[in-house]
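The structure appears below as structure tokens.
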Amino acid sequence: MTTAAQPTRQYAVGSLVHARGREWVVLPDSTPALLVLRPLGGADDDIAGVLPGLETVVPATFAPPTPSDLGDQQAAGLLRTALRIGFRSGAGPFRSLASIAVDPRPYQLVPLLMALRQDTVRLLIADDVGIGKTVEAGLIAAELLAQGDARGLVVLCSPALAEQWRAELYGKFGVDARLVLPSTIGRLERETPYGQSVFRPDGAYVVSTDFIKSPRHREDFLRHCPDLVIVDEAHSCVSDTTVGASARSSQQRYALLRALADRTDRHLLLVTATPHSGKEEPFRRLIGLLDDRLAAVPLDTDAGRRLLAEFFVQRRRADIREDFQDGAHFPSSRDTAETAYTLHRDYKKLLDEVLSYARETVRAADGALQQRQRWWSTLALLRTLSSSPAAAVQSLNTRAGVEEADTPAEADRTGERTVSDPADSETPESADAVPGTRLPAATATEAGAEAEAEPGTEAHDEEKARLVAMAESAGKLYGPTRDAKLKKLITTVSDLLDQGYRPIVFCRYIATADYVADHLRRILNKKGTEHPVAVASVTGELSPDQRVTRIAELTGTDEEGNPAPERRVLVATDCLSEGVNLQESFDAVLHYDLAWNPTRHEQREGRVDRFGQRTDVVKALTLYGADNPVDGIVLNVLLRKHERIRRVTGISVPVPQESESAMQAVFEGLILRGERSAYEQEGLFAQEEVAEQLEIAWQSSADREKRHRSRYAQLTIKKDEVAAEVDEVRAALGTGEEVRDFTRRALGALRGMPAATKQGGFTAHTDALPPGLRDTVSHALGPRHPRPVVFHDAPSAPRGEAALTRTDPVVAAVARFVLDAALDDAGKVPEWQRPARRCGVVRTTAVERNTTLLLVRHRFQLNLPARDGSVREQLAEDARVVAYRGRPDAPEWLPEDEAVALLDARATQNTDPGFATEHIAGILAALPAIMPELREQSAELGRTLEASHRRVRTASRARLAGLKVVPQGDPDILGVYHYRPAPTFPQGVGA
Numbered sequence: 008m009t010t011a012a013q014p015t016r017q018y019a020v021g022s023l024v025h026a027r028g029r030e031w032v033v034l035p036d037s038t039p040a041l042l043v044l045r046p047l048g049g050a051d052d053d054i055a056g057v058l059p060g061l062e063t064v065v066p067a068t069f070a071p072p073t074p075s076d077l078g079d080q081q082a083a084g085l086l087r088t089a090l091r092i093g094f095r096s097g098a099g100p101f102r103s104l105a106s107i108a109v110d111p112r113p114y115q116l117v118p119l120l121m122a123l124r125q126d127t128v129r130l131l132i133a134d135d136v137g138i139g140k141t142v143e144a145g146l147i148a149a150e151l152l153a154q155g156d157a158r159g160l161v162v163l164c165s166p167a168l169a170e171q172w173r174a175e176l177y178g179k180f181g182v183d184a185r186l187v188l189p190s191t192i193g194r195l196e197r198e199t200p201y202g203q204s205v206f207r208p209d210g211a212y213v214v215s216t217d218f219i220k221s222p223r224h225r226e227d228f229l230r231h232c233p234d235l236v237i238v239d240e241a242h243s244c245v246s247d248t249t250v251g252a253s254a255r256s257s258q259q260r261y262a263l264l265r266a267l268a269d270r271t272d273r274h275l276l277l278v279t280a281t282p283h284s285g286k287e288e289p290f291r292r293l294i295g296l297l298d299d300r301l302a303a304v305p306l307d308t309d310a311g312r313r314l315l316a317e318f319f320v321q322r323r324r325a326d327i328r329e330d331f332q333d334g335a336h337f338p339s340s341r342d343t344a345e346t347a348y349t350l351h352r353d354y355k356k357l358l359d360e361v362l363s364y365a366r367e368t369v370r371a372a373d374g375a376l377q378q379r380q381r382w383w384s385t386l387a388l389l390r391t392l393s394s395s396p397a398a399a400v401q402s403l404n405t406r407a408g409v410e411e412a413d414t415p416a417e418a419d420r421t422g423e424r425t426v427s428d429p430a431d432s433e434t435p436e437s438a439d440a441v442p443g444t445r446l447p448a449a450t451a452t453e454a455g456a457e458a459e460a461e462p463g464t465e466a467h468d469e470e471k472a473r474l475v476a477m478a479e480s481a482g483k484l485y486g487p488t489r490d491a492k493l494k495k496l497i498t499t500v501s502d503l504l505d506q507g508y509r510p511i512v513f514c515r516y517i518a519t520a521d522y523v524a525d526h527l528r529r530i531l532n533k534k535g536t537e538h539p540v541a542v543a544s545v546t547g548e549l550s551p552d553q554r555v556t557r558i559a560e561l562t563g564t565d566e567e568g569n570p571a572p573e574r575r576v577l578v579a580t581d582c583l584s585e586g587v588n589l590q591e592s593f594d595a596v597l598h599y600d601l602a603w604n605p606t607r608h609e610q611r612e613g614r615v616d617r618f619g620q621r622t623d624v625v626k627a628l629t630l631y632g633a634d635n636p637v638d639g640i641v642l643n644v645l646l647r648k649h650e651r652i653r654r655v656t657g658i659s660v661p662v663p664q665e666s667e668s669a670m671q672a673v674f675e676g677l678i679l680r681g682e683r684s685a686y687e688q689e690g691l692f693a694q695e696e697v698a699e700q701l702e703i704a705w706q707s708s709a710d711r712e713k714r715h716r717s718r719y720a721q722l723t724i725k726k727d728e729v730a731a732e733v734d735e736v737r738a739a740l741g742t743g744e745e746v747r748d749f750t751r752r753a754l755g756a757l758r759g760m761p762a763a764t765k766q767g768g769f770t771a772h773t774d775a776l777p778p779g780l781r782d783t784v785s786h787a788l789g790p791r792h793p794r795p796v797v798f799h800d801a802p803s804a805p806r807g808e809a810a811l812t813r814t815d816p817v818v819a820a821v822a823r824f825v826l827d828a829a830l831d832d833a834g835k836v837p838e839w840q841r842p843a844r845r846c847g848v849v850r851t852t853a854v855e856r857n858t859t860l861l862l863v864r865h866r867f868q869l870n871l872p873a874r875d876g877s878v879r880e881q882l883a884e885d886a887r888v889v890a891y892r893g894r895p896d897a898p899e900w901l902p903e904d905e906a907v908a909l910l911d912a913r914a915t916q917n918t919d920p921g922f923a924t925e926h927i928a929g930i931l932a933a934l935p936a937i938m939p940e941l942r943e944q945s946a947e948l949g950r951t952l953e954a955s956h957r958r959v960r961t962a963s964r965a966r967l968a969g970l971k972v973v974p975q976g977d978p979d980i981l982g983v984y985h986y987r988p989a990p991t992f993p994q995g996v997g998a
């Protein structure tokens, strides 16, 4: 590197300067008094501010290679990839693509294009379960941060999903977010200077919504909240809950979101697969957070739907299926089926007895309040007995939640929340507790009021004896001998395992999940079993961290490094039905208990039928009792109608608001069936009419949804054109295959001894690496990381291991070391620590004439129109390979694809070192002759990049005024590699 004699105080963005004994690149935000500098080839972590008035700063030029810096045939490829991996700000129209580790599908770019249209981003992303809403929200966040339109980021989610969000942000988008949970807030506050907030406007956080909504933390959070907020499972913040603690919790969530949305310059992304529960009011509250007009605009008009479409994107699986025709990991279909069983006679006898008890109890109620309390307690008993004997026993020994109700309406609201699965219920994360059945026995007083019977009275003793007898009968049904449902499950799970599937068994209650897991574990692994099966259960009794650990124990490697067993079964409640990604370890779902809401089935199946699933056809099986009237009602009134509409329309339509009244009407028919008065006989016709009205309303919703589907799917956005721009940018940054090959080759040259693994990827030993690199890798992985280090051929990796992506900190450290060692003076670094060299002479059959390949780095100043009407300056870099035939004074330039192909050329004959040094010296001396051509190439590349920016901004209807891409200084020639034709010798007889 050389420095000019005369310093200057005025430096353009992208120019080179020499200060503090090294070379730097001038960054935006620099002023004559303060230069913001990044070391040449350095990372953003190395950015520094320099005061020219106090320190010596002079212009610098990039030094060409020296003839003594000769390398082998791999030198050019290693140097090029190391350079490209180091880029964190590509020159293309999507500024964030250089810093993310995910390759977005074309449809996942649509929300990003919608966001680029808006001055303040307000979007509701409501795509189907499993097609990548997290990636879509992450892409928007990464781009807003990269462009400078957002300073910080916060994700609001349930505590069960906090660690998953943190891992996704870090592994895929390079955002290192801090977890703010009840378990972490103490440490965070201790680390924060006294009097300051845990939150900073320019920070990144993943926060528990339920924790931060409390009055103790809410105001501080609102004062210091970053300007970009993502709300996961946003529907849970507007649910129509009006009972007790749940009402207060829901109201506090909504109040928090309302306060965040009231700041008009705050970006807000709402994410949910179930934006509409079938009830209009919660949906209006949700979309009203995006724009106040949406809270009241008529959505049955074209103007209303057009306004909503500016803020709302919702794609169904059928809308995006074509984006996965290239073999990407997304199931081609979902194989669904119903599996019936017949109740054992003892089970059937107890069910009939419970129905008789329910009928007598409800009919004998004294007053409306007691009638509704008894109705819900007996319905809880019917549902738990339909689930499992274990759930029934627990229900019979637990006080009913409706006991505390003071009015019939309150009893109904409590019953719906604890017994049913209402469409607008809050997250099912902790809703798997068994509802109680026991109520205080009641007698009528002389005044006709209700009074609890004293223990020892005839009414109390008879009631108690009957419940005890039913509990004892249920206890005798344990096991597959009398529990035909469990027996059918064992057979079905065995068949799925034999077919190579790895199923998840979903249960409604904790007691049922534990009961099922215990029997599966013992029966599938009985003595003499040839292929043992690993079984684990995950329920709401476990904390979010414990759930993650339990799943990892089932699906991850053991302490000795052995892979997870292929024959495995996960038994879970609906605490895992939302948000949790299980597609990498499971590929079948079995509904052991029928949900009383079809959306819950869709959420369960979405755990495996989602982006990233490697099994082409996933399975979803529904278990039901052919002679169980409770299952019959749920199947016929809800689940089968939902499935029929989905098959006809290709979309899942939320159950209408009328469903709850329809279900109650049909259950009333079941419970009151028997001796009926004329009034009750008439009621049966009313029940059938209600069910018919439900189906009509449901079909009407489906027809309306289908008519408006294309508008909310944003099909008019030309995603394929934009996807081509993305592909071009990603290609300029280095393909995944290139990154994998580079990492393996570089670690091999640096004595890491890479060895392939059965699961793909490889392992490498870090102890023998050069000290500087070894320390950096150890810092990135943690001091107790496994040895050898595992490199996964996947977008992310477990803690202490590495992913073969350009943004992984270990891969980035290897690339940084290789690049720095190549650019340092040869005498400063031992030879074996410099696998990439800046020069080379190769004799090969890949060329017929002398050909010279150059690795060139271009720098550009991007003038990008901002949302506030200003023009923001940014620095971008680009690396290109160019090649010419013949002499430097009369070059014949090759097309780009032919130049890139030379990187794969292999030496077929040795080259004398003395000859190579002398020959490359002559080429280096002639480099000034080709600099005018390289400047023109830089200008042409700038024009190409500017055109790409314009195309993307036109597609997203973003601002164009002031857009400009300007080359900065002469291109840097990082490497010069000369290929000479090797003579070919005849082969065979007569040679």
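Read left to right, the sequence shown gives residues 8 to 998 (this note's numbering).
We put the CB at the ideal spot given by N, CA and C, even for glycine.
Evaluate residue i with the Cβ neighbour count: other Cβ atoms within 10 Å of its Cβ, from every protein chain shown; 16 or more gives buried, anything less gives exposed.
{"i": "residue 172", "result": "buried"}
{"i": "residue 303", "result": "exposed"}
{"i": "residue 854", "result": "buried"}
{"i": "residue 917", "result": "exposed"}
{"i": "residue 300", "result": "exposed"}
Does the distance from the C-beta atom of residue i to that of residue j stay below 8 Å?
{"i": "residue 205", "j": "residue 196", "result": "yes"}
{"i": "residue 490", "j": "residue 354", "result": "yes"}
{"i": "residue 404", "j": "residue 478", "result": "yes"}
{"i": "residue 594", "j": "residue 615", "result": "yes"}
{"i": "residue 69", "j": "residue 34", "result": "no"}
Alpha carbon to alpha carbon, how far is residue i from residue j?
{"i": "residue 798", "j": "residue 747", "result": "9 Å"}
{"i": "residue 964", "j": "residue 121", "result": "9 Å"}
{"i": "residue 189", "j": "residue 284", "result": "30 Å"}
{"i": "residue 942", "j": "residue 936", "result": "11 Å"}
{"i": "residue 115", "j": "residue 101", "result": "14 Å"}
{"i": "residue 760", "j": "residue 927", "result": "32 Å"}
{"i": "residue 932", "j": "residue 153", "result": "40 Å"}
{"i": "residue 769", "j": "residue 794", "result": "12 Å"}
{"i": "residue 140", "j": "residue 734", "result": "21 Å"}
Kindly indicate which three-state DSSP category residue i falls into: helix, strand or coil?
{"i": "residue 290", "result": "helix"}
{"i": "residue 985", "result": "strand"}
{"i": "residue 593", "result": "coil"}
{"i": "residue 643", "result": "helix"}
{"i": "residue 19", "result": "coil"}
{"i": "residue 56", "result": "strand"}
{"i": "residue 164", "result": "strand"}
{"i": "residue 310", "result": "helix"}
{"i": "residue 412", "result": "coil"}
{"i": "residue 785", "result": "helix"}
{"i": "residue 24", "result": "strand"}
{"i": "residue 421", "result": "helix"}
{"i": "residue 76", "result": "coil"}
{"i": "residue 884", "result": "strand"}
Our contact map puts residue i next to residue j with C-beta atoms below 8 Å; I'd like the distance itself, whole angstroms only.
{"i": "residue 975", "j": "residue 866", "result": "4 Å"}
{"i": "residue 384", "j": "residue 444", "result": "5 Å"}
{"i": "residue 908", "j": "residue 77", "result": "About 22 Å; that fails the 8 Å criterion."}
{"i": "residue 868", "j": "residue 880", "result": "6 Å"}
{"i": "residue 128", "j": "residue 104", "result": "About 18 Å separates the two Cβ atoms, so there is no contact after all."}
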